[in-house]
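Asker: Sequential numbering of the sequence shown, starting at 9, is according to this note's numbering. No residue lacks a Cβ here, since even glycine has one placed at the ideal position from N, Cα and C. This structure is a prediction, so every number in the text was calculated from the model and none was measured. Have a look at this one before I ask anything.
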Amino acid sequence: MKKVKDRVYEYLLSRCREKNTGCTTQEIADALYMQRSNVSAALNKLYAEGKILKIKGKPVLYTVGPAGEGKVPKNASMSFDNLIGKDGSLKKCIQLAKAAVLYPPRGLHTLLLGPTGVGKTMFAELMYKLAVERGILGVDAPFVAFNCADYANNPQLLLAQLFGYKKGAFTGADKDKPGLVDKADGGILFLDEIHRLPPEGQEMLFTLIDKGIYTPLGADDPKKADVLIIGATTEREGTALLSTFTRRIPITINIPSLKERPFDERFELICQFFKVEAARTGKDIVVTANAMRGLLLYECPGNIGQLKSDIQLGCANAFLKCVSKGKKKIEVDITDFSGEVRKGLVFYKNYSREIDALIKEDVKLNFSPKEGRFHVQVDDSKLPANFYEEVEKRVHELKEHGIDEKDINFIMSLELEGYFKKFIRTFSEKVDKERISKIVDRKLINLVEEFLNDASAKLGKVFSSKVFYGLCLHLSSSIERIRKNKRITNHKLKEIIEKNPEEYALALCFANTLEKEYGIKVPLDEVGFISMFLSIDSDSSETGEEMPSVIIAMHGSGTASSMAEVANKLVGAGNVYAYDMSLDKDPKVAYNELKDLIIKKHRGGGVILLVDMGSLGMFGELISEETGIKIRVLDMVTTLMAIECSRKATIMRDVDEICEEVKDSIEYFRSSTSSIRSIIPKRENIILTVCTTGEGTAVKLKGLIEEKLGLENKNVQVIPLAVNDPKYVQSYVNRLSKDKKILAVVGAVNPNIYGVPFISISEVLIDNNFSKIEEMLKKMDTNSEVYEDVFKMLSSELENFDVSSFKKRCLEFLENLATKLEVDLDLDKRIGLIMHLACALNRLKEGREIPKSPRTAEIKSRYEREFELIKSELQPLEDFYNVRFSDDEVVNILSVLKEIYTKEQI
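In structure tokens:
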């Protein structure tokens, strides 16, 4: 027997072939003797599959494609294929347009709604092209467009233009003249500003729509016309058109304004218009980032039409400069546009994330007339050694264009960071201090080195050599400039203080040092520039690459900060940030603070949020929904997890892949709670079987579990427990937990013991289901399994490092260290040390030094015994690999131990 859906489809297909009309749900239900609800469900499925068309109205009509086609291909026509927004904001509009055009036999009259400039005329033309492509209209079918506003002040003349007139119909009508309806016969009549049509004109269209006839002015006999009417209006539906008229137009399409469309579609429109101008002028058009930002953000009440005109005006202004200066390319800057476009930059801060995703810092877009496309080029124009000169040059250029002081300050606040990053990029990573000392005095070099070391420790960042080199040269020029009483202006000062208060505070202290050493007065604007050096290195936009960030959020005072500091020290990437939530903090306040931190530290590649427990995990999902930032949450955070996430984030860019690899490579997550396993099972593992009605059932459960799971050779004991009060189970478990590990409780009543899984007696006795217990046993750790996983992972990560020879010596080092320091090195400690040692040895073999720690001497003195013991135990590794661990590296190992087993900040 055929399915309901198939029967409905066959009936609809045959009905449309015979009568070329659509069907209502009730008509189909009556014809097939089916319940209306079943027919409705079948029609919805057919519509979702693209097999039928749905015409909105009262009632809704369903039909198939023209000529009885069974399925309307989604990409059947070329007319709408190149329309920007076809899969986005205009998707629904296009679906309705296709339904209107394809509805048998000759389509449905349509009304297009939307403000001026949204593209209603073009949309009507595309509907006409679709009708021709699909054979609804012939290739020579007319498309007649008429703007009713042109004759709005003379209603009689307007009607004469539309419907034609007979000789003598009015004064001056000296001969018969056909109207636009006659010219559109067999095609489409597009009436723009249709709301300007007078009521009598709307009524005259009634007859044309209802009966296919009309009467020219002064004529006695009506004429026939087969015309599909597409009307367009800027008015809201029902405000300027007669309700009796709008009822006769079954399809209404609302075309969104430019403001309602997403930024990526506006970006495509802007690029399309620049391509057209490049082809028109025959020259390459190079557009600056700020010009693109202004066009993306300014208020454009005239919509697409105004956007196109404004771009033409900007290109015209830039073209004049190009000709006068004899340049080959037309360079379009924000200064070439009107004040309205420039005002768009005011909104940049509100939408910086969305805009930066489309147009990166320090890039220009080059539109070629030959290629018909554009490419992005880095703005690598050479900066002078003193970037103050470039800033002053730009300010002078803006003044020449007549830009007022307020707008200049705003434009420069946006562009300054770009100049700054370009300045940093000019320096090499391989810095030769001797070379620097030839142009910068050694005292300043030493001061900068001390300053960056101190900032590194306090901010948890590692600064690149580029920053060191750049800051030395910048300060050398700055000091000279101050001595000559030249003005220093930082247009981003207010933003720097608000956005980077920690960096600004450190820069302020350093400025005091410079004042004492050089006898100068460092202005606050210069302090802002120094702050930018401290903040720029952690910004992924310096390299143009989107990178993931790691944020640790934990309850307590300093807990997360301590863990983040250790991770940043050991990995050296400076990509781990912390949020400490005090236990008495209002959750709403905490949510907003964490959200602000995530927004500030997001570097374009998403955020890995490591949390300890509670509401912090839920915060991640909520903040992701609110901000659109891709956030992935890992709970039950440990120092090892933070280290691994930080390391992975420096070499991988997908936060999903990072999270999966962290889980897979370390294998310390439980299947549901992500809790960490113990590497050395010194305690016996216990399964409790509990019965509140007598010991017999508990003993039976014990025997059944031992028999089914074969526990003879496993470190697991099943203990039967008969109690009347479930609270007693809790106290009993607490006593056992002191020297044993409780894997699970099996019984009839859940005692609700935190951290101990409960398995219902019915699952074991009735369902004979032991899968949960089996899964727990599989997750019991053994030394060899965990070690093999870790060393296997290291083998894949460190290509030129012999892990097999390292394995034995490393394990000996750990055992000796544990014995002599009298500490219990569990999974977290051992894996952390194994990974750290392997990476350290690999780095030393390659001749790479670790960053200097300003606290090495202090820690060495404070933990003299532990320091010397670790250094002694490292001797065999040093001899085998022919390397030497520096005091800084020994301190790092000591930091891992102290951080993990005493939670003490050293």
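To which residues does DSSP link glycine 566 through a beta bridge?
Answerer: Within the sequence shown, the letter at position 558 stands for residue 566. According to DSSP, which records beta bridges pairwise, glycine 566 is partnered with nothing at all.
Asker: Would you check if the distance between the CB atom of leucine 829 and the CB atom of glutamate 874 is smaller than 8 Å?
Answerer: Looking up residue 829 in the sequence shown gives position 821. Looking up residue 874 in the sequence shown gives position 866. Result yes, Cβ atoms of leucine 829 and glutamate 874 sit closer than 8 Å.
Asker: State the CB to CB distance for the pair isoleucine 490 and valine 530, rounded to an integer number of angstroms; the pair is presumed to be in contact (CB under 8 Å).
Answerer: Residue 490 sits at position 482 when you count from the first residue of the sequence shown. Residue 530 sits at position 522 when you count from the first residue of the sequence shown. About 7 Å; that satisfies the 8 Å criterion.
Asker: Buried or exposed for lysine 407, going by 16 or more other Cβ atoms inside 10 Å?
Answerer: As a working mapping, residue 407 is identified with position 399 in the sequence shown. By the 10 Å Cβ count, lysine 407 comes out exposed.
Asker: Under DSSP, the beta strand (DSSP E) around tyrosine 173 begins and ends at which residues?
Answerer: Taking the sequence shown and counting its residues from 1, the one referred to as residue 173 is at position 165. First-last for tyrosine 173: undefined, no H or E at that position.
Asker: Please work out which residues of its chain come closer than 7 Å, Cβ to Cβ, to glutamate 349, disregarding the five sequence neighbours upstream and downstream, and give them in chain order.
Answerer: Working through the sequence shown from its first residue, we reach residue 349 at position 341. According to the sequence provided, residue 349 is valine. The question's glutamate does not apply to it. If we look at valine 349 and ignore the five residues flanking it on each side, its Cβ neighbours are Gly302, Leu303, Tyr306 and Asp318.
Asker: Rank Glu668, Ala365, Glu457 and Arg892 by C-alpha distance to the C-alpha of methionine 555 and give the top, closest one.
Answerer: On the sequence shown, residue 555 is found 547 positions in, with the first residue counted as 1. The option with the nearest alpha carbon to methionine 555 is Ala365.
Asker: Starting from valine 754, follow its DSSP beta bridges and name the residues at the other end.
Answerer: For this step, residue 754 is matched to residue 746 along the sequence shown. Answer is Thr697 and Ile767.
Asker: Please classify asparagine 358 as buried or exposed, where buried requires at least 16 neighbouring CB atoms within 10 angstroms.
Answerer: As a working note, residue 358 is residue 350 in the sequence shown. It counts as exposed.
Asker: Please determine if the stretch 113-121 and the stretch 179-192 are in contact, where contact requires at least 3 C-beta pairs separated by less than 8 Å.
Answerer: With a cut-off of 8 Å, the stretch 179-192 and the stretch 113-121 do not count as touching, because too few Cβ pairs lie within range.
Asker: Which class does isoleucine 367 belong to by DSSP, given the choice of helix, strand or coil?
Answerer: On the sequence shown, residue 367 is found 359 positions in, with the first residue counted as 1. Looking at isoleucine 367 - three-state DSSP - the assignment turns out to be coil, as it is neither helix nor strand.
Asker: What separation, rounded to the nearest whole angstrom, lies between the Cα atoms of isoleucine 411 and leucine 455?
Answerer: Stepping through the sequence shown from its first residue, residue 411 is reached at position 403. Stepping through the sequence shown from its first residue, residue 455 is reached at position 447. Whole-angstrom Cα-Cα distance: 40 Å.
Asker: Starting from the N-terminal side, write out each stretch of the alpha helix (DSSP H) that is 4 residues or longer and does not extend beyond the stretch 233-306.
Answerer: For the stretch 233-306, whole alpha helix (DSSP H) runs of length 4 or above, ordered along the chain, are 251-254, 271-289 and 297-305.
Asker: From what residue to what residue does the alpha helix (DSSP H) around threonine 129 run?
Answerer: Within the sequence shown, residue 129 is the residue found at index 121, counting from 1. Looking at the DSSP string, the run of the alpha helix (DSSP H) that includes threonine 129 is 128-141.
Asker: Which same chain residues end up closer than 6 Å to asparagine 461 when comparing Cβ atoms and leaving out the 5 residues on each side of it in sequence?
Answerer: Translated into the one-based positions of the sequence shown, residue 461 becomes position 453. Counting only Cβ-Cβ distances below 6 Å, and skipping sequence neighbours, we find Pro862.
Asker: Taking serine 199 as the reference, which of Gly176, Cys156, Gln883 and Glu796 has the closest Cα?
Answerer: Taking the sequence shown and counting its residues from 1, one reaches residue 199 at position 191. In the sequence under discussion, the amino acid at residue 199 is leucine, which differs from the serine named in the question. Among Gly176, Cys156, Gln883 and Glu796, the Cα nearest to that of leucine 199 belongs to Cys156.
Asker: Does the beta-carbon distance from alanine 572 to alanine 561 come in below 8 Å?
Answerer: Working through the sequence shown from its first residue, we reach residue 572 at position 564. Working through the sequence shown from its first residue, we reach residue 561 at position 553. Cβ atoms of alanine 572 and alanine 561: not closer than 8 Å.
Asker: Could you tell me which of Ala149, Ala297, Ser265 and Asn262 sits nearest to cysteine 279, measuring between CA atoms?
Answerer: To locate residue 279, count along the sequence shown from 1; it is residue 271. Closest by alpha carbon: Ala297.
Asker: In whole angstroms, what is the alpha-carbon distance linking aspartate 14 and proline 67?
Answerer: Locating residue 14 in the sequence shown gives position 6, where the first residue counts as 1. Locating residue 67 in the sequence shown gives position 59, where the first residue counts as 1. C-alpha separation (whole angstroms): 22 Å.
Asker: What's the call for glutamate 897, buried or exposed, on a 16-neighbour Cβ count within 10 Å?
Answerer: Position 889 of the sequence shown, counted from the start, is the residue given in the question as residue 897. Classification of glutamate 897: buried, given that the 10 Å Cβ count is 16 or more.
Asker: For glutamine 43, name the three-state secondary structure that DSSP assigns.
Answerer: The sequence position of residue 43 within the sequence shown is 35, counting from 1. Reduced to three states, the DSSP call for glutamine 43 is coil.
Asker: Relative to the C-alpha of leucine 373, which residue among Lys593, Val235, Ala286 and Leu885 is closest?
Answerer: Here residue 373 corresponds to residue number 365 of the sequence shown, with the count starting at 1. Closest option to leucine 373, Cα to Cα, is Ala286.
Asker: For phenylalanine 281 and lysine 316, I'd like the C-alpha separation in whole angstroms.
Answerer: Numbered from 1 along the sequence shown, position 273 holds the residue referred to as residue 281. Numbered from 1 along the sequence shown, position 308 holds the residue referred to as residue 316. Their backbone Cα atoms lie some 6 Å apart in a straight line.
Asker: Helix or strand or just coil, what does DSSP make of valine 811?
Answerer: Here residue 811 corresponds to residue number 803 of the sequence shown, with the count starting at 1. Note: valine 811 maps to helix in three-state DSSP.
Asker: Could you tell me the boundaries of the alpha helix (DSSP H) in which arginine 661 lies?
Answerer: One-based indexing of the sequence shown puts residue 661 at position 653. Neither: arginine 661 is in no alpha helix (DSSP H) and is coded neither H nor E.
Asker: On the criterion of 16 or more Cβ atoms from any shown chain inside 10 Å, does glycine 143 qualify as buried, or is it exposed?
Answerer: Taking the first residue of the sequence shown as 1, we reach residue 143 at position 135. Result: exposed.
Asker: Shortest alpha-carbon distance to proline 150 belongs to which of Lys191, Glu796, Val811 and Thr647?
Answerer: Taking the sequence shown and counting its residues from 1, the one referred to as residue 150 is at position 142. Of Lys191, Glu796, Val811 and Thr647, the residue nearest in Cα terms is Lys191.
Asker: Specify the secondary structure class of glycine 614 as computed by DSSP and reduced to three states.
Answerer: As a working note, residue 614 is residue 606 in the sequence shown. Residue state, collapsed to three classes: strand.
Asker: Between which residues of its own chain and methionine 300 is the CB-CB distance below 6 Å, once the five residues before and five after are set aside?
Answerer: In the sequence shown, counting from the first residue as 1, residue 300 sits at position 292. Excluding sequence neighbours, methionine 300 sits near Ile367.
Asker: Could you compute how far the alpha carbon of tyrosine 70 sits from the alpha carbon of serine 779?
Answerer: Translated into the one-based positions of the sequence shown, residue 70 becomes position 62. Translated into the one-based positions of the sequence shown, residue 779 becomes position 771. Straight-line Cα distance between these residues: approximately 52 Å.
Asker: Let me know the secondary structure DSSP gives leucine 542 once reduced to three states.
Answerer: Mapped onto the sequence shown, residue 542 falls at position 534. Here leucine 542 sits in helix by DSSP.
Asker: Do threonine 241 and leucine 121 have their C-beta atoms within less than 8 Å of each other?
Answerer: Reading the sequence shown from its first residue, position 233 is the one you call residue 241. Reading the sequence shown from its first residue, position 113 is the one you call residue 121. Cβ distance < 8 Å, so threonine 241 and leucine 121 count as in contact.
Asker: Exposed or buried, glutamine 43, counting other C-beta atoms within 10 Å across all chains shown (16 or more means buried)?
Answerer: As a working mapping, residue 43 is identified with position 35 in the sequence shown. Per the 10 Å Cβ criterion, exposed.
Asker: Just reading off the beta strand (DSSP E) that methionine 589 is part of, what are its end residues?
Answerer: Here residue 589 is taken as the residue at index 581 of the sequence shown, counted from 1. Taken as a continuous stretch (DSSP letters only), the beta strand (DSSP E) holding methionine 589 covers 584-589.
Asker: Quick test of your reading: lysine 815 and phenylalanine 799, contact by CB under 8 Å. State the CB separation rounded to the nearest angstrom.
Answerer: For the purposes of this step, residue 815 is identified with residue 807 of the sequence shown, where counting begins at 1. For the purposes of this step, residue 799 is identified with residue 791 of the sequence shown, where counting begins at 1. Their Cβ separation, rounded to whole angstroms, is 5 Å, which keeps lysine 815 and phenylalanine 799 in contact under 8 Å.
Asker: On a CA-only basis, which of Leu822, Gly855, Leu483 and Lys722 is nearest leucine 841? Give me that one, please.
Answerer: As a first step, residue 841 is located in the sequence shown; it is residue number 833 there, counting from the start. The shortest Cα separation from leucine 841 among Leu822, Gly855, Leu483 and Lys722 belongs to Leu822.
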